Each structure stands twice: as C-alpha cells, then as structure tokens.
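For the sequence shown, the UniProt record's numbering assigns the number 1 to the initial residue and increments by one for each residue that follows.
All C-beta atoms in this analysis are idealised placements derived from N, C-alpha and C, irrespective of residue type, glycine included.
For clarity, every value in this text was computed on a predicted model and none was experimentally measured.
Just below is one structure, and these are the notes that go with it.
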Amino acid sequence: MYAKTGGPPVWRKKLYMRNTPLHLCYPVMLWLWLMCSVLPVRAGRYMQDNGKVTVSADHVPMRDVFKVITKQTGYHFFYAASVLDTRQPVSVHAKDMPVENLLQQLFRGKGVAWSLEDKIILIRAAEPEVGVEHSPFTMMSGTVTDAAGVPLAGATVLVNGTRKGVTTDEEGRFLLDRMQAEVVLSVSYAGYVKQQVKWNGRTPMQIKLEQDIVNMTGVSIVSTGYQELPRERATGSFTKLDNDILNRKVSTGILDRLDGVTSGLLFDKRDPAAPKMQIRGLYTLTATIAQPLIVVDNFPYEGDINDINPNDVENITILKDAAAASIWGAKAGNGVIVITTKKGRFNQAPRVSFNTNITFVNKQDLFQLPLIPSSDFIDLEQSLFAQGAYNGALNSRNRPPVTPVVEILAKQRSGQLTEAEANAAINALRSQDVRNDFLRYVYRQGVNQQYAINVNGGTSKLKYYFSTGFDRDLSNLVGNNYQRITLRSDATWQATKRLQLQLGAQYTRHNNDNNSQGGFADNNYKLGTRVLPPYSSLADSKGNPLPLDYRYRGAYTDTAGHGLLMDWKYRPLQEMAENDNTSWTNIIIANIGAKYDLSKTLTAEVKYQYQHSDEGIRQFHNEQTFFTRDLVNRFTQIRNDSVIYIVPKGPILDQSNSRTDVHTVRAQLNWDKAWGARNKITAVAGTELRDAHTQGNIYRQFSGNVDLVNAYPVYLGGIANIPSNNDYTDQVDRFVSLYMNAAYTYNNSYTLSASARKDASNLFGVNTNRKGIPLWSAGLAWKASNQDCYHVTWLPYLNLRVTYGSSGNVNNSIAALTTLYKYDPSFQFTNLAYADIRSLANPDLRWEKVNTLNAGLDFALKGNILGGSIEYYRKRSVDVIGLQMLDLSTGLGAAFTNSADMSGQGIDVQLNIQPLNRGGFKWQSSLQFSYVTYRLTKYLLQPYTTGYVSTGANIFPIVGRNPYSLVSYRWAGLDPATGDPRGYVNKQVSKDYASLVQTPLSDQAIDGPALPPFFGNFLNTFSWKGLSLSTNITYRLGYYFRRNTIAYGPLFSTGNGHSDYLKRWQHPGDEQFTNVPSMIYPNPSASRDQFYTNSEITVEKGDHIRLDDIRLSYNFNKKADSRLFFSRLQLYTYITNLHVLIWKANKAGLDPDAPSGLPLPRSIAIGCRIDM
C-alpha cells in the first residue's frame, strides 16, 4: 500500500511522452491539421508540375484560361494590358497537353510572343516580320531581391528622365512596357542602397539591392507589438535587429543572440547560469521584475523566452523610451523587446529553408581555479592537527566527516598506524589532484545539435508558414542532457476583399535529464560542511567509484547498526549512475484573429491568444541512491536485533508540477489616412483583457505508509519529523486595459505622436483601480533634411526627435490584500497548524511609474560612409516598491509600499560605417556606445549604515547611490611586525577589528558600480564575393568587482582555501611584496577575515576590451551556378568564448566576466543553411 501525498505512485522510468497528458498532444494534432488543410490548397495549384494541362472551354475570357493553367501548373502570367486584352473570348480544348503546345494554340494570331522562364510566362509584343521596320520599343521585366535573393515587395523602379515607374509585386517582380534599350533605371527600397541600373535590352533582369547599413536606422519598419510603422514616421527610440544579425550567432535561445550587438541593452553575466538584462539601467528595487517585457507576435510572453526557436524569428525590435514602449503601460518601465516571427507571403511559390549546426563545447579548465596545491594543503592539515584543530570533530557525537589526512593522523595518534605507515599513506596523497578525476569522470566535451526546417508561401488568397525544429544538447556535465522540439504554423486567409482571417499555433516541448551530481565545488562533493580536499579521489585505478564521507565520518558508517542498517556510504560516481532526475516543459500557444476593412482608411481587428504551459520536475530516488538509504537509516529503530523502518525501504519519488493558462483578447481600430500631398495620420485605439492563472504543487511519495504528523527519534539522537516536501500554490493575475496611439506627419518632415493607456488589475489596490490615472507619452520629430531650405550636401539625411512620457512596473510579489503564510508540517511540539501574517492590506498599492525624456538625432553622410543615431535620455521612477516603517501596533515592523524614488540618465550612440567598398571587397562596421548612470533618490526605511559592505551582486538601497554599488572597508596596509591587516577607525590606523567592521558608511570606500556604466561593441564584417568574415569586439568600462582571496576562518573550519594562501605574509618585510595577511591559529577573530576580504585592497577594476566571437561563412547561390538546385547555400563556422582580452585594467590577471577564475568554456559551431 502506498502513502498518497498528492499524486499516483510511479516506480519506474517512463518515456517522456508517457508522462504527457492526452491534452498535450493537441498541439501536434492542431499543427498536422493546419498542414493538411492549408498545403492541399497550395499543392493543388502546383499539382501538375509536369507542365501538362487539361481544359475544355468555349467562348470564355482568355484570363479564365490563364487561371486554369496557373492552377494546374503553377505557371504565372506576366504581361502588360497594352500588349494583350485578356477579356477577349477564346475556345480551347486540351487533355494532358503540354503547356507550350497549349500556349501556341491560345496565342495564334494574337500578335504576341511569349517565353517561359522559372515558371513565369512572359508575354510581350511580337517582333515585326522581316522587311517591316523594327520598333525600337519592347517590354522590360525583372525581379528585385536582396543580397540573399529574397524578393523585395514594394520596391520602386523608376525610368530616369521620365515620369514612368512601377512598384514590385509580392514576388519582387516588375514589368515596364514600350521601353528602349540603354535606358537607366533607378531602383530603391527602404533600408537598401539605391541603385542605378542600365538596361541592355535583355529580359528578365535580376536586380539585387544591398542593405544600407548607414541609413537603416532611419527607414526600417518597426513594431511596437500593437502596430507596425515606418521608422521614419516614429518619434520614439527603437532599435531593430534583422534576421541577418540574429542569425550571426549560434545558440539554442533567442536572447543569447542579443548580447553585444545593440546599444542600451546590457547583459549582467555575473551569474553565468542565469544572466540578466537591463535596458537603459535599473529603475526598480525588486530584482525579479527588473527585466524587460517580452512580446512575441503582439502578445506578452509568459514563461521562459528561450523556449522560442530562434529559427522562427524574423526580427526583434527593442523599445527604449516612453513613446515607443508606453503603449504597454504598467509593464513597460524596464523597456520592451518585441519579437516578430516569420510569416508567409501572398502570391509566393513555396520556399523551403533548412538550417543545421553542431556546436562543440570544450571541457572547463578546472586548473584555472585558484586552489591550494595538495601538498601545501596536507602540510596545513598536519600543522592544524598538531594544534588540536580537529579534536572537536573527532570527538563529536554527531560523527561529522573529517578529511582522509586527518583520519590517518587520528589512527596514528591512537596507535592503529605507525608513523612510517602514516607518512607513507599521506605522501601518496601529495601527488593527487582531484580535478583530474573531475575532468575524467564528471566533465565531458559538450555537443549541441540544432535542426530547423520551415516552409512558407502563399496564393492570392492564402499565405502560410510551417516550421519544425529539434535541438539536442549534451551538457559539459556527464548525465545532463537537453532536448527540445518545436512546431509552429501560421496561416492568413483573405476570405473576402475586406475580411482577413488569421490562425496560428505553436507547440514546444523540452526535456532535461539532470543526473549529474554537479560540477566542481558543488555541495554534492562536500564532506559535511567541509569542501572536498584537493587530494581526494572519486574512483580507484580501475574506475570503480570510491566513497566520500559526505554526511558522516567513515569510521562511523563502517560500523553503525552492526550490519542491520542499509549501506551508508556515499559514492558520487555511483550516484550519477543511479540518478533518475528529469524535468519537462510543454507549451501550447494558439491564436486567432480577424481584420475587417471598414473603409480604405479604417480597419477593425480582433485577436485572441491562449497560452498554456505545464512544467514538471521528477526526482526518482531508487533504493540504491544515498538519498533513500540515508533517509531510511536516519529514522530506523533497532531493538534487540530487530529492525523497525519508520521510513519504508524502497524508492522515494519527489515530483513538482505547475500549470499556467493565459487568455488574452484584444479589440482594436486602426486608422491610416493620407490627404492632400502633405498630410498623413496613423492611429490605433483598443481594449485588452488578460487573465493568467498559475497553479503548482510539490509532493513526495514513499514506498509505504508514513506518518508525517508525529516526530520520531533519529538514529544519531534527537527527534524530527519525516520530511515531506509538500506544497501548493495558486495565483490569478487579471488585467484590463484601454489604450490609444496616434502619429501625424506633415509634408514628410514633421511628425507629432501621442499615446495613452489605462490599466486596472487585481494586483493593484482598490483605490488605484478606481482612480484610473493613465500612462501616456508625446513626441515630436523633425526631418530637417526634407526642408526646401536645407542644402547641406555632405549631410543628406538629418532627423531630430524628442519624446516624454510615462510607463510602469508591476510587482506581482506584493499583494494588495492581507496575506498569510501557513507552515507545513504542523508545529512539532503541539501538532497544531500555524501561520503568520506576511503583509497587510494596501488599497493604494499601484504600479511603479517610470517617466522618460528622450532626445535623438539620426543622420547620414554623403556616399554612405557614415550614419547612425545619437540619443540622450533621462529617467525618473516614482512610487517604487520599498520598505517603510509601520507602527508596531500593527504587528509588523515594516511593509513594502510605493515609497521610493530613483533617477538616471544616459547616452546611446549607434554608428554604421562603410570604410571600403571597392573591387568586390566590402568592409562594413557597426559601433555601439552606451553610457548609463542611475541612483536611489528616496527611501523611507534607512538601511543600517555601520559596517555595511557590498559586493554589488544584489540590490541594496543607499540614498544617493547606485543600488549595485560596491562598498569596502578602507585599507591601511599590513602591520610590518605581525602581518595583520589594518584599517581606519576615526581616521586613525587601527587593528581593532570589532570597530573596523562597524565603521560608518561615511568612513568606508564606495569603489563604484558593479555593473559597467560604459559599454558597447565594434562589429566588423569583411566580405569578398561569397566569403564573409565577421568579428565582434565588446567593451565594458567604469566598473569594479571584488576578487576572491583567502579567509583563514573558513580555511580552518571548512577547508575552503585560495591560492593567495601561498602569498601570505610570513616574515617582516613581506608587506613590501604582498597584501595577504599572516595566518594565525586559532583565528583571533572572524572580524579579521571579514575586514580583509571586504577591504578595498581586494577590489579590482573591471574595465576591459575583448574579442567576443568570430564568424566565417561562404555563400553559394544559383546566380553564380545555375546547375545548383537551391537558391542559396551558406556554410558557416562560429567561435565564441574565446577568452581573448585585448586589454584589461586589472593587474591580477583576472577575466572580469569570470572573477572566480573559471570562465565559460570555448565553443565552436559549424553549420549550413539551405534556401530552396
């Protein structure tokens, strides 16, 4: 019989899909349904790809016959109305007739000629017969694409010297009638360099435009998540990253590809496992909400954004100021990242893109860790043993672990070993380094594989996109693996001339095997509270796992229970083999939308999205794992050689599950009107409802009945409850929003924008929801270069803009109602449930408000040599959540309220440079520079100001200072006589450590920010024909970090050492060469270590410039070799984590991104991308 504590028992490993509820298969079924329902439409169109047609028609318009031919063959007709009147009736009868024969029959006597190229039937006027004077006019056709061959729809093709011109269709095609050879065309497209092309009379033409890296900041289409608008008509601060820059890096997660490529966006890499982002600084005191809002295809994304397949992303727009982001209201205070995924196109033949790569990740170089060498560590242990340092552990009734050397010395002291035997055993350990075992058994070379394929296209009524992706990552840690599968579909149907319907679905599932015991220095390799000695071994010479005294002393576990207990030894390598720990995530996103054209200028649209995610963590502890054996043994009772198992023998299952369901519905009106030649207005207004419901539970199951209520004796003494690990959470977030955004442009020179949004939520207090104070913005842009009086020829483009407005942050960790916390299990002395009050009701709880002023300048020099943008901004956040003192009669000393303020300012610079473009060789550069500074200006609960030091790793509120400031004790050097560290008390040199660690903040050294106020990158791309080399140099300046060093107290008590031990002061005069204090045992004061390790002598400048990555690629395209079956093939390699510091300010030889000495391992990826 099993104890039921929250779910059904599961005692065997299961395939991933077996753990998946039936409803999680729905997205796969939906994706397959969309494939089946949409592809046949397209397939029917190209069904007879052999070029044969069956048709029977009498006296029908010729254009109807064209439609039949197109439907059966996929061939498109291209002609001018002046050449052929397709309304004339024709009669035609054919069965499986080759299309060439049918066309000859159809056009006989019509005075036209035709040609067939790439499924395009080009119809032109017939050449005159011999003896007849030839007309100098003929028809011109062509296609305009980008450098990769992607058609540019809407490109402008003008005939120089005339008023004649056309725009390209969805396929990038154009047609001009009655043209003469030798005419010159002017071809332009937003964001690309205008070309002058001379026509030699041959058709069709293939015109490729190069991206204009100088002017692209001023002309691209940007997305706010609610609307798309030309950058030139926007007043706000936008940065758009296109598909090329996003595909430059190789990674599983999309956000990894944003690091080091744009201004204003800083990645905090101090925790490599969980890097954080900042857009233009920090304006909240709650770290959990200090991240930008992530929007995917018009809706906020709930969950881990790295579950999005990067190969599905078309572009990313970063919204930095209020005019750009305030339409997102109370969630946009930290900026907004808008991700737009790929879509199909109307009237586009099916296109297939395939991308695959494999990344090899080196093992981490553990020998860069600053450890004390084994022999020196052993000498230290021998010295400490002689001074009685380990007597407490050796005599403790709790049997804590001791190191192998201490065990040997204890046996020598008790007479179990002779001095010679002890010395021989100890000397055998001096040459060992446990890092070798870690590199052999725990670490491996990581291998990450990525595969992605997508199909997109469209008919005149339907456009579609389908994709699937598979990622498989083998971690650097043996036993840890990651797999992800993604499916995505999107279809848009032009149901009527005015009505457009959209349907999309996405499914993601990723699985993790987490069977490693962790990396070097993980807690799973500790000896109780002691770190693993450097001379330890994980396996014998034959590779068999060796035990570590993980929780108890080996001499105790050898005899405990007289053989009646389960094996109580801990062998890390055996645990890796026994572990069965998995986690998984399923994500379903389904959306539907309808857009109706009420008039030529006004459209109405409704969108709905449902996002479901469920996550699970399963830890199956079989009977052979140390977790199970230890828990069973601890509660086992032995009476007269009989064994009573309070915790049943057998496997134990820990499982946690969470589920999130988000419903969002939006109704919106779009107005886009131009009147006269000078007036344009774009506006949106709408309402949005959002409901997010999250549930979670954690439970533990045993292999039999257990009593979780009563406390039981434990084997080592005392009583305790059996740990149950049960928990349950349930949270509902609801938002109701009204919003509007409008921009008016006059004479293509002046643009005025405004936006407003009002949010209400169950997270806010009742008074806040009633007041309804909107968040708003206003902006003005002036394109000076469009003025008639502007004649600066060397600066042909100049645009000035300024915006001001407000947005907000929502802190969902604070409740507007009274909250209780119930403890589990019951109180062990009374067996009664108990709880406490965590927060009081706050009817005025509201969002944190962030006000932003932004001024920008966009420019471009003549000849595409240099262009870019320069922006200055000021930000001020008010009503920031912070602690405030309460009357003690409330029962709480302080509460989180809207009581703090912050302010900041900065500069963003983006320069696009083209130093060289000659003879097929091109050098393009992009320089990003950012400066940001921010500080706390108001905080009602003053922090303690004596003895305060900070590493800058966490937010700590000091009025007038950066919340990430690094604060240290002032340093006065080492005592020449003793090597003791010295500081200042009341401006006098002192060794009174109790006073030194309590000096007021005014007497301490505020070294500076722990995050760089100056940062940016310099991206260079060198290309010649199909070969391209790209390098990215990043820099971070003006910040500090605290390096690790030796602390003698932890060294004595836990064995946690540092190689600075070898640099310690030992003799008078050493203070001239070292700042490491002398070692004294017993440690005279913990404050001595605290003072030294947190003094300004351990602070280093973080300023550095590094070569971040290198990418090399080669492109093959069909234009260069018509025999190729694909339109483009790209082979590429990408290398990152090079650890090449071009310059660094610190003299300690440390990488500021890895101050512990263990940088991320170097990786190299190779891959190919095929477009067909």
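C-alpha gap between residue 997 and residue 1060, whole angstroms = For this step, residue 997 is matched to residue 997 along the sequence shown. For this step, residue 1060 is matched to residue 1060 along the sequence shown. Rounded to the nearest angstrom, the two C-alpha atoms are 22 Å apart.
Using a Cβ-Cβ cut-off of 6 Å (strictly less than) and excluding sequence neighbours within five positions of residue 357, which residues of its own chain qualify?
-> Taking the sequence shown and counting its residues from 1, the one referred to as residue 357 is at position 357. Same-chain partners within the cutoff: 250, 450, 1165, 1167.
Give the DSSP-derived three-state secondary structure of residue 1079 in the structure shown.
-> The residue you call residue 1079 lines up with position 1079 of the sequence shown. Three-state result, residue 1079: coil.
Between the segment 448-463 and the segment 343-356, are three or more C-beta pairs nearer than 8 Å?
-> yes
Check whether the Cβ atoms of residue 338 and residue 223 sit closer than 7 Å, and answer yes or no.
-> To locate residue 338, count along the sequence shown from 1; it is residue 338. To locate residue 223, count along the sequence shown from 1; it is residue 223. Yes. Within cutoff.
Under three-state DSSP, which class holds residue 1039?
-> Counted from its first residue, the sequence shown places residue 1039 at position 1039. Three-state result, residue 1039: coil.
Burial state of residue 421 (16 or more Cβ within 10 Å) = Translated into positions along the sequence shown, residue 421 becomes position 421. Label assigned to residue 421: exposed.
Pick helix, strand or coil for residue 771, following the three-state DSSP scheme.
-> Your numbering for residue 771 matches position 771 in the sequence shown. Looking at residue 771 - three-state DSSP - the assignment turns out to be helix.
Contact belief for residue 491 with residue 525 at Cβ below 8 Å, rounded distance in angstroms = Position 491 of the sequence shown, counting from 1, holds the residue named residue 491. Position 525 of the sequence shown, counting from 1, holds the residue named residue 525. Rounded, the Cβ-Cβ distance is 53 Å, inconsistent with contact.
Among residues of its own chain, excluding the 5 on either side of residue 182, which ones have a beta-carbon nearer than 8 Å to its beta-carbon?
-> Taking the sequence shown and counting its residues from 1, one reaches residue 182 at position 182. Counting only Cβ-Cβ distances below 8 Å, and skipping sequence neighbours, we find 198, 199, 200, 201.
Alpha carbon to alpha carbon, what distance is there between residue 308 and residue 468?
-> To locate residue 468, count along the sequence shown from 1; it is residue 468. To locate residue 308, count along the sequence shown from 1; it is residue 308. Taking the straight line from one Cα to the other gives about 11 Å.
Between 530, 689, 823, 680, which lies nearest to residue 549 when the distance is taken from Cα to Cα?
-> Against the sequence shown, residue 549 aligns to sequence position 549. Looking at the Cα atoms, 530 is the closest of the given residues.
Roughly how many whole angstroms lie between the Cα atoms of residue 837 and residue 697?
-> Position 837 of the sequence shown, counting from 1, holds the residue named residue 837. Position 697 of the sequence shown, counting from 1, holds the residue named residue 697. Straight-line Cα distance between these residues: approximately 22 Å.
Do residue 777 and residue 755 have their C-beta atoms closer together than 7 Å?
-> What you label residue 777 is simply residue 777 of the sequence shown in a count that begins at 1. What you label residue 755 is simply residue 755 of the sequence shown in a count that begins at 1. The answer is yes: Cβ separation under 7 Å.
Specify the secondary structure class of residue 230 as computed by DSSP and reduced to three states.
-> To locate residue 230, count along the sequence shown from 1; it is residue 230. DSSP places residue 230 in strand when its eight states are reduced to three.
Quick one: give me the first and last residue of the alpha helix (DSSP H) that residue 857 is part of.
-> Taking the sequence shown and counting its residues from 1, the one referred to as residue 857 is at position 857. Here residue 857 belongs to no alpha helix (DSSP H); instead the beta strand (DSSP E) covers 848-860.
Whole alpha helix (DSSP H) runs in the segment 951-1037 with 4 or more residues, listed along the chain?
-> 993-996
Candidates 707, 732, 856, 205: which alpha carbon is nearest residue 723's?
-> Working through the sequence shown from its first residue, we reach residue 723 at position 723. Residue 723 has its Cα closest to that of 707, out of 707, 732, 856, 205.
Mind checking whether residue 1020 and residue 1031 have CB atoms under 7 Å apart?
-> Start at 1 with the first residue of the sequence shown, and residue 1020 comes out as number 1020. Start at 1 with the first residue of the sequence shown, and residue 1031 comes out as number 1031. Result yes, Cβ atoms of residue 1020 and residue 1031 sit closer than 7 Å.
Hey, is the segment 857-870 in contact with the segment 903-923, meaning 3+ C-beta pairs nearer than 8 Å?
-> yes
Please confirm whether residue 185 and residue 157 have their CB atoms less than 7 Å apart.
-> As a first step, residue 185 must be located in the sequence shown, where it is residue number 185. As a first step, residue 157 must be located in the sequence shown, where it is residue number 157. It is a contact, given that the beta carbons lie within the stated cut-off.
So, using beta-carbon positions, are residue 112 and residue 94 closer together than 7 Å?
-> Here residue 112 is taken as the residue at index 112 of the sequence shown, counted from 1. Here residue 94 is taken as the residue at index 94 of the sequence shown, counted from 1. No, Cβ-Cβ distance for residue 112 and residue 94 is not below 7 Å.
Of all the options 263, 400, 1115, 733, which has the alpha carbon lying nearest to the alpha carbon of residue 1171?
-> Sequence index remark: in the sequence shown, residue 1171 carries index 1171 (1-based). Among 263, 400, 1115, 733, the Cα nearest to that of residue 1171 belongs to 1115.
Assign residue 296 to buried or exposed, taking buried as 16 or more other Cβ atoms, counted over all protein chains shown, within 10 Å of its Cβ.
-> In the sequence shown, counting from the first residue as 1, residue 296 sits at position 296. Residue 296 is buried by the Cβ-count criterion.
Own chain partners of residue 926 with C-beta closer than 6 Å, once the 5 adjacent residues on each side are dropped = Here residue 926 refers to the residue found at position 926 when the sequence shown is read from its first residue. Excluding sequence neighbours, residue 926 sits near 912, 1019.
Within the segment 684-722, ranges of the beta strand (DSSP E) (whole runs, at least 3 residues) = Within the segment 684-722, the runs of beta strand (DSSP E) that reach at least 3 residues and sit entirely inside it are, in chain order, 711-713, 719-721.
Using the beta-carbon count (16 or more within 10 Å), is residue 218 buried or exposed?
-> Stepping through the sequence shown from its first residue, residue 218 is reached at position 218. For residue 218, the predicted model reports a pLDDT of 38, less than 50, meaning its position is unreliable; a value from the coordinates is still stated below. Counting Cβ neighbours within 10 Å, residue 218 comes out buried, since at least 16 surround it.
Mind checking whether residue 628 and residue 652 have CB atoms under 7 Å apart?
-> The residue given as residue 628 occupies position 628 in the sequence shown. The residue given as residue 652 occupies position 652 in the sequence shown. For residue 628 and residue 652, yes; Cβs fall inside 7 Å.
Beta carbon of residue 811, beta carbon of residue 289: below 7 Å?
-> In the sequence shown, counting from the first residue as 1, residue 811 sits at position 811. In the sequence shown, counting from the first residue as 1, residue 289 sits at position 289. It is a contact, given that the beta carbons lie within the stated cut-off.
Check residue 29 in the structure and name its three-state DSSP category.
-> In the sequence shown, the residue the question calls residue 29 occupies position 29. Only weak support exists for where residue 29 lies, its pLDDT of 47 falling under 50; the value from the coordinates is given anyway. In this structure, residue 29 counts as helix in the three-state DSSP scheme.
CA-to-CA distance, residue 493 to residue 500, given in whole angstroms = The residue you call residue 500 lines up with position 500 of the sequence shown. The residue you call residue 493 lines up with position 493 of the sequence shown. Whole-angstrom Cα-Cα distance: 6 Å.
Touching by the beta-carbon criterion (3+ pairs, under 8 Å), the segment 477-488 and the segment 385-395 = no
7 Å Cβ shell around residue 556 - same chain, five flanking residues per side excluded = Within the sequence shown, the letter at position 556 stands for residue 556. The beta carbon of residue 556 lies closer than 7 Å to those of 399 in the same chain, with the five residues before and after it left out.
Comparing alpha-carbon positions, which option in 538, 54, 58 lies nearest residue 68?
-> Taking the sequence shown and counting its residues from 1, one reaches residue 68 at position 68. Ranking the options by Cα distance to residue 68, first place goes to 54.
Under the DSSP definition of a beta bridge, which residues are partnered with residue 235?
-> Numbered from 1 along the sequence shown, position 235 holds the residue referred to as residue 235. According to DSSP, residue 235 shares a beta bridge with no other residue.
Answer with yes or no whether the minimum CB distance from residue 782 to chain D is below 7 Å.
-> No chain D is part of this structure, which consists of one protein chain only.
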